[in-house]
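Engineer:
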Amino acid sequence: MPVTENQVLDALRNVMDPDLHRDIVSLNFVKDIKIDGTTVSLSVQLTTPACPVKEILQQQCVDSLLGLEGVETAQVEMTAQVRERTASKDDLLPQVKHVIAIASGKGGVGKSTVTVNLAIALAQTGARVGVLDADVYGPSIPLMMGAKDEKPFTQDGKIVPIQRYGLHMMSLGFLMEEGQAVLWRGPMVAGTVRQLLEDVSWGELDYLLVDLPPGTGDAPMSLAQLAPLTGVVIVATPQHVAANIAGKSVALFRRLNSPILGVVENMAGFVCPECGTVTQIFAGFSGESLAKDLKVPFLGSIPLDPVISEAGDGGVPSLVSFPARPQAGAFHAIAGKLAQQASILAMSKAEPAEIEFKPAT
Ligand SMILES: Nc1ncnc2c1ncn2[C@@H]1O[C@H](COP(=O)(O)OP(=O)(O)O)[C@@H](O)[C@H]1O
Ligand SMILES: [Mg+2]
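Structure below.
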């Protein structure tokens with residue numbers, strides 16, 4: 027007697043999603059069950075292609091299925107579908123599943139560098155990713171992405187994003203003349219952010235990463251109002267942790283009611299160009315301890331490495347130009363954790379009673 031679909035589902039109820047704290051059957055992740063004699067095949071649809079525990083879950087599913095009497099072969103395919111969010115009526119980006127802002131208390135901490143490399147890491151997992159350069163005071167994404175001479179064109183009345191390294195991107199830098207200076211006033215910033223959301227044909231995206239200007243001025247506020255944020259990533263360097271600048275920006279985002287997805291520590295230690303050893307420079311002040319103090323997730327740490335700035339200035343982000351350096355692994359790991367936190371937060375909003383947002387420690 028071949029196994030039944032119910033037996034298969036019962037077996038899979040033992041497989042828990044470690045982030046959502048629920049089993050994959052009640053989460054409705056199990057799809058396309060096919061039973062052919064002693065062979066069971068099915069797919070498990072996760073909430074992000076960047077899930078860091080994909081292989082572990084797959085193995086647990088296979089083991090659970092093989093534990094059933096009458097099953098000799100188990101084929102489990104891991105797929106992903108980033109879940110829709112419930113868009114409100116004034117949401118300007120209903121087709122974007124996660125809008126994630128990258129913020130910092132001060133400039134020069136590597137916010138733009140982190141934004142582009144995380145975006146590329148997410149895109150490399152198969153997700154559809156956009157980058158919006160909302161740093162109206164110092165748009166640097168075009169240069170970092172080797173696209174500073176691009177001039178976007180319009181189609182059907184909307185600006186078409188520029189494509190690079192698998193990303194869709196837009197920046198005020200593309201729309202301004204080179205060397206043009208703008209004296210910003212608050213309402214202009216809000217209007218510009220609105221335009222970058224509304225007048226650009228972003229299309230369907232899983233993640234839109236928004237590079238915010240430093241601090242907590244008009245840009246994050248308008249962004250939060252116009253396109254509900256999944257959350258904010260805070261980039262901090264050990265120096266800024268020491269000066270509690272990052273702590274202040276977390277406090278301000280909390281006041282804006284924007285969830286904090288986590289802290290990324292940048293320029294944490296120096297990577298020796300000769301031997302690759304990492305030396306800590308500001309020992310004792312870490313992004314990890316900051317995250318713990320603030321009770322937000324710690325997403326990871328990126329070392330100070332001269333090739334990162336060389337790559338950024340050269341227009342080929344380090345993840346693409348130096349995929350074997352230590353920071354490439356760090357960017358991939360952080361992208362996975364970020365996607366994980368975004369899924370947890372989205373699911374906790376969809377079913378607040380069942381899934382509580384518990385930042386990973
Ligand atoms: N981990 C790192 N190692 C070395 N240089 C870095 C690192 N992160 C950023 N940089 C460099 O530091 C400078 C500031 O980074 P940037 O991303 O422009 O900061 P922000 O957007 O916060 O102002 C850039 O020249 C960038 O290439
Ligand atoms: Mg920047």
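For the sequence shown, the numbering used here assigns the number 27 to the initial residue and increments by one for each residue that follows.
C-beta: ideal position from N, C-alpha, C; glycine also.
On the DSSP bridge assignment, give the partners of Ser67 in chain order.
Structural biologist: Lys60 and Gln101
Engineer: Can you look up Glu291 in the DSSP assignment and give me helix, strand or coil?
Structural biologist: strand
Engineer: Strictly by DSSP, which residues pair up with Ser327?
Structural biologist: Glu291
Engineer: Sort Ile188, Pro285, Leu330 and Gly313 by Cα distance to Lys375 and report the nearest one.
Structural biologist: Pro285
Engineer: Of the residues Gln251, Arg211 and Ala76, which one's Cα is nearest the Cα of Glu224?
Structural biologist: Gln251
Engineer: Mind checking His47: buried by the 16 CB within 10 Å criterion, or exposed?
Structural biologist: exposed
Engineer: Is Arg39 helix, strand or coil when you go by DSSP?
Structural biologist: In the three-state DSSP reduction, Arg39 falls in the coil class, being neither helix nor strand.
Engineer: Quick one, are the C-beta atoms of Val258 and Pro240 less than 9 Å apart?
Structural biologist: no
Engineer: In three-state terms, what does DSSP make of Leu119?
Structural biologist: coil
Engineer: Based on the DSSP secondary-structure assignment, which residues constitute the bridge partners of Gly257?
Structural biologist: Ile126
Engineer: Which residues in the same chain have their Cβ closer than 8 Å to the Cβ of Ser90, if we skip the five residues on either side of it in sequence?
Structural biologist: Within the same chain, Cβ atoms closer than 8 Å to the Cβ of Ser90 are found at Ala37, Leu38, Asn40 and Val41, the five residues on either side in sequence being excluded.
Engineer: Between Ile390 and ligand 1, is the CB less than 8 Å from at least one heavy atom?
Structural biologist: Not covered by the structure: residue 390. The range shown for the chain is 27 to 387.
Engineer: May I ask whether a heavy atom of ligand 2 can be found less than 8 Å away from the beta carbon of Asp339?
Structural biologist: no
Engineer: What whole-angstrom Cβ distance do Trp228 and Gly183 have, given they're in contact under 8 Å?
Structural biologist: In fact, because the Cβ distance is near 14 Å, the residues do not count as touching under 8 Å.
Engineer: Just mark Asp43 as buried or exposed, buried being the case when its beta carbon has 16 or more other beta carbons within 10 Å.
Structural biologist: When all chains shown are included, Asp43 counts as buried.
Engineer: How many angstroms separate the CA atom of Ala253 from the CA atom of Val125?
Structural biologist: For Ala253 and Val125, the distance between alpha carbons rounds to 7 Å.
Engineer: For the alpha helix (DSSP H) containing Val276, name the first residue and the last one.
Structural biologist: Ile271 to Arg281
Engineer: Report the CB separation of Asp117 from Leu238 in whole angstroms; it is logged as a contact under 8 Å.
Structural biologist: The pair is not a contact, with the Cβ atoms about 19 Å apart (cut-off 8 Å).
Engineer: Which two residues bound the contiguous alpha helix (DSSP H) that contains Thr396?
Structural biologist: A query on residue 396 cannot be resolved here, the shown segment of the chain reaching from 27 to 387 and no further.
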